[in-house]
Amino acid sequence: MPKFEPVLMANMHRPDSHTLKVYESTGGYQALKKVLKESTQESFRDLIKNSGLRGRGGAGFPTGLKWTFLPKDHPGPIYLCINADESEPGTFNNRYLMELDPHQVIEGTILSSFATKASTAYIYLRIEYPTCYEHLEAAIAECYAAGYLGKNILGSGYSLDMYMHRGAAAYICGEETGLIESLEGKRAWPRIKPPFPAVEGLFRKPTVVNNVETVACVKQIADRGVEWFKSIGVPPDPNNPRDAGSYGPKLYCLSGHVNKPGCYEAPLGITCRQLIDEYGGGVWKGRKAKAAIPGGISMGLLTEAELDTPLDFNGPGKVGCLGLGTAAVVVADETVNMVDFLHNSCRFFAHESCGQCTPCREGTHWSLSMLDRIKAGKGRLKDLDLLSEIGNHIGIIPGTTICGLSDGAAWPIKNALKKFRGDFEEYIKRTNPTGYMITDAVPALEGAGSH
Amino acid sequence: MPVLTDEMTAAIKAFIPRYPNKQAVTLPALHIVNERLRYVPLEAVVEIAAILELHPAQVQDTLSFYGYFKQDAPGGEIRAWVCRSISCALRGGEEVLDHMCHKLGIKPGQTTGDGKLTLEFAECLGACEYAPCMLAGKELVKNLTNETADQYLQKLKAES
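Line order of the protein sequences matches chains A and B. All residue numbers for the first sequence refer to the numbering used here, where the first residue is 18 and numbers rise by one. All residue numbers for the second sequence refer to the numbering used here, where the first residue is 540 and numbers rise by one.
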């Protein structure tokens, strides 16, 4: 296999890499010129479909296929939303793209808008990224001045407007229909699907929501072609007819207890251990890993023995995790108590549950209340069964909620209790030696809560 | 006396052509007011609603969904968000937040007596490679320790 050459991060080290001048000096907007001249909207959409590109936001849905769900011959308008609400704990790859190479994101957005016949693109950006906001705003202004945005782009007859739209620190806005509601000026309550956004989305018009890194890949495929993209990554599993493969480069985020945390571009399918050892310089302080999150906190947990799991779209699922998610690996070393870990996870989801569906609103808060009590030395072994019950009963996967937030809350609970139960039992027995066997109802501690 | 200045009203109206309806300008309008006043009082909600041809309850409903906008009193000159999510917590973020609370004598969400600083906890700032971290205004303070947090607070004090 040829040596892997980074493309998404290739120009980020250049001084002023966020400016149009530098971007054009590295071949920027050549892909757009070529596509507008040589391709039809349909042929470019098919090119992306054939590349096997899957969404980088977390769900891994095939991008080209998503685009084909738009109604044919719709009179418009059609909207494209870029999901730049990156809020999954451990995840920061989109920040690199938007801050250090915003034109790559914008070129990808223009190309994706062209393929979907969108007339307006909104970039929904989280408020926590002020530098990304400045760089993207400036880059959009440069594009209007250069004729890459606006009416009749480069004489092609295709017109597109692009606007930034800032969120207000809510994780749920990363859920695509929560994002749409938020953009419309309402509370970000996810919508019941169907109708899917492709049919009835933003302002009740056909809408595609794509992740930042996904559209950056679109630009790279437009430049380098399908064969290049498919030469990287993992082909579909022949024994799994539903697997669409895991092609292309991926920006992996690595943080927690490693020597060199950072954002690293690698072919899809490297193992978690490779990422930690070869890119991250190993676990810090000469310690061993106890656990690792494979792709953002909602994906669950890998044990040390499971670190050889390949980080492609199928790998983490084979060891009981929810999936690849955002490919953000967070490492916890052997000194970490999993009670603390799960408390942090439950507190996050209790804070971020939008409150619309009862199983999620109540489940995330009760799981936090129990972890608060366990952490305070008043835990009982029975609590672990109650926690499991919550983990097994909230989410889309048992079918009790509208969106996947509660699956994300449930997976760390399920994984932690299954893979690290000994930690919990030991902690409860040690901190509550006289009460750990009690099974009567006990009140929640006063003052427990996420806010 | 209206709360919104002519400049704020003009800034809000400039967003209207970007969307097919005016309700979509709700979040931009809240940000415009919040950036200038450091809170969004109820009077401003009523005035935003009038500009966007909405019922004030619609704007208030959206505002109250996000924990981001203060309503009772303006926040400090700098709003500092200390991350408490997993990557930062693994590297001591919560301890630094406790230290800062202790040092300033305030809890997360509160403002120092001199009106300089509002301290907040954040759920994942998306800068996990610099954990633990803090977003103070537009400045990302990386690899926080009790010492660097103290240095930041001293710097802030010296600037006043």
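Each residue gets a CB set at the ideal place from its N, CA and C atoms; glycine is no exception. For clarity, every value in this text was computed on a predicted model and none was experimentally measured.
Beta-ladder partner(s) of residue i, from DSSP
{"i": "His182 (chain A)", "result": "A:Tyr141"}
{"i": "Arg630 (chain B)", "result": "In DSSP, Arg630 (chain B) forms no bridge with anything."}
{"i": "Thr288 (chain A)", "result": "A:Pro327"}
{"i": "Arg618 (chain B)", "result": "B:Thr657"}
{"i": "Met673 (chain B)", "result": "B:Val621 and B:Val680"}
{"i": "Pro79 (chain A)", "result": "A:Arg71"}
{"i": "Cys280 (chain A)", "result": "A:Cys270"}
{"i": "Ala101 (chain A)", "result": "A:Leu142"}
{"i": "Gly250 (chain A)", "result": "A:Tyr264"}
{"i": "Ala308 (chain A)", "result": "A:Thr320 and A:Ala349"}
{"i": "Gly167 (chain A)", "result": "A:Leu177"}
{"i": "Val300 (chain A)", "result": "A:Val275"}
Reference residue i; option with closest CA among the options
{"i": "Gln693 (chain B)", "options": "B:Leu656, B:Ala670, B:Leu636 and B:Leu674", "result": "B:Leu656"}
{"i": "Arg378 (chain A)", "options": "A:Gly408, A:Arg390, A:Gly396 and A:Arg259", "result": "A:Gly408"}
{"i": "Pro119 (chain A)", "options": "A:Val275, A:Arg208, A:Ala135 and A:Ala156", "result": "A:Ala156"}
{"i": "Ser176 (chain A)", "options": "A:Ser467, A:Tyr161 and A:Val216", "result": "A:Tyr161"}
{"i": "Tyr180 (chain A)", "options": "A:Glu55, A:Arg71, A:Glu151 and A:Ala132", "result": "A:Glu151"}
{"i": "Leu658 (chain B)", "options": "B:Asp600, B:Ala549, B:Ala688 and B:Ser626", "result": "B:Ala688"}
{"i": "Ala132 (chain A)", "options": "A:Trp84, A:Asp102, A:Ala101 and A:Glu159", "result": "A:Trp84"}
{"i": "Pro214 (chain A)", "options": "A:Val251, A:Leu97 and A:Ala345", "result": "A:Leu97"}
{"i": "Pro647 (chain B)", "options": "B:Leu629, B:Pro671 and B:Ala619", "result": "B:Ala619"}
{"i": "Pro207 (chain A)", "options": "A:Leu318, A:Gly191, A:Tyr296 and A:Arg290", "result": "A:Gly191"}
{"i": "Val542 (chain B)", "options": "B:Arg577, B:Tyr558 and B:Ala563", "result": "B:Arg577"}
{"i": "Ser315 (chain A)", "options": "A:Gly74, A:Leu339 and A:Val216", "result": "A:Leu339"}
Counted within 10 angstroms of its Cβ, other Cβ atoms place residue i as buried (16 or more) or exposed
{"i": "Ser34 (chain A)", "result": "buried"}
{"i": "His368 (chain A)", "result": "buried"}
{"i": "Ala393 (chain A)", "result": "exposed"}
{"i": "Phe330 (chain A)", "result": "buried"}
{"i": "Ala186 (chain A)", "result": "buried"}
{"i": "Arg62 (chain A)", "result": "buried"}
{"i": "Leu25 (chain A)", "result": "buried"}
{"i": "Thr451 (chain A)", "result": "exposed"}
{"i": "Met639 (chain B)", "result": "buried"}
{"i": "Pro278 (chain A)", "result": "buried"}
{"i": "Gly652 (chain B)", "result": "exposed"}
{"i": "Ser173 (chain A)", "result": "exposed"}
{"i": "Ala101 (chain A)", "result": "buried"}
{"i": "Phe86 (chain A)", "result": "exposed"}
{"i": "His360 (chain A)", "result": "buried"}
Simplified DSSP assignment, three categories, for residue i
{"i": "Val579 (chain B)", "result": "coil"}
{"i": "Lys267 (chain A)", "result": "strand"}
{"i": "Thr601 (chain B)", "result": "helix"}
{"i": "Cys363 (chain A)", "result": "helix"}
{"i": "Pro119 (chain A)", "result": "helix"}
{"i": "Val229 (chain A)", "result": "helix"}
{"i": "Tyr150 (chain A)", "result": "helix"}
{"i": "Thr320 (chain A)", "result": "strand"}
{"i": "Val216 (chain A)", "result": "coil"}
{"i": "Ile95 (chain A)", "result": "coil"}
{"i": "Thr651 (chain B)", "result": "coil"}
{"i": "Thr85 (chain A)", "result": "helix"}
{"i": "Thr194 (chain A)", "result": "helix"}
{"i": "Thr477 (chain A)", "result": "Given that chain A is displayed from residue 18 to residue 468, the structure contains no residue 477 (chain A) and the question cannot be resolved."}
{"i": "Val275 (chain A)", "result": "strand"}
{"i": "Val336 (chain A)", "result": "coil"}
{"i": "Thr126 (chain A)", "result": "helix"}
{"i": "Thr548 (chain B)", "result": "helix"}
{"i": "Thr224 (chain A)", "result": "strand"}
{"i": "Ala568 (chain B)", "result": "helix"}
{"i": "Phe358 (chain A)", "result": "helix"}
{"i": "Tyr691 (chain B)", "result": "helix"}
{"i": "Cys160 (chain A)", "result": "helix"}
Proximal residues to residue i (C-beta, below 8 Å), its chain only, five neighbours per side dropped
{"i": "Met18 (chain A)", "result": "Since pLDDT at Met18 (chain A) reaches only 48, below the 50 mark, its modelled position is unreliable, and the value read off the structure follows with that caveat. Around Met18 (chain A): no qualifying Cβ."}
{"i": "Ser423 (chain A)", "result": "Phe366, Ser370, Cys374, Pro376, Cys377, Gly380, Thr381, Ile411, Gly412, Ile413 and Thr417"}
{"i": "Thr456 (chain A)", "result": "Arg397 and Lys399"}
{"i": "Gly286 (chain A)", "result": "Gly250, Val251, Ser263, Pro327, Leu328, Asp329 and Gly332"}
Residues of its chain near residue i, where Cβ-Cβ distance is below 7 Å and the 5 sequence neighbours each way are ignored
{"i": "His594 (chain B)", "result": "Ala588"}
{"i": "Glu145 (chain A)", "result": "Ala186"}
{"i": "Ala261 (chain A)", "result": "Gly69, Arg71, Pro79 and Pro253"}
Same chain, Cβ closer than 6 Å to residue i, five either side skipped, listed in chain order
{"i": "Cys280 (chain A)", "result": "Asn110, Tyr113, Leu268 and Cys270"}
{"i": "Asp178 (chain A)", "result": "Thr137"}
{"i": "Ala670 (chain B)", "result": "Ser626, Cys627 and Arg630"}
{"i": "Pro585 (chain B)", "result": "Just to set this straight, residue 585 (chain B) is Val in the shown sequence, not Pro. Counting only Cβ-Cβ distances below 6 Å, and skipping sequence neighbours, we find Pro595."}
{"i": "Asp325 (chain A)", "result": "Thr288 and Arg290"}
{"i": "Val347 (chain A)", "result": "Gly107, Ser272, Gly273 and Ile310"}
{"i": "Gly195 (chain A)", "result": "Ile189, Ala205 and Pro207"}
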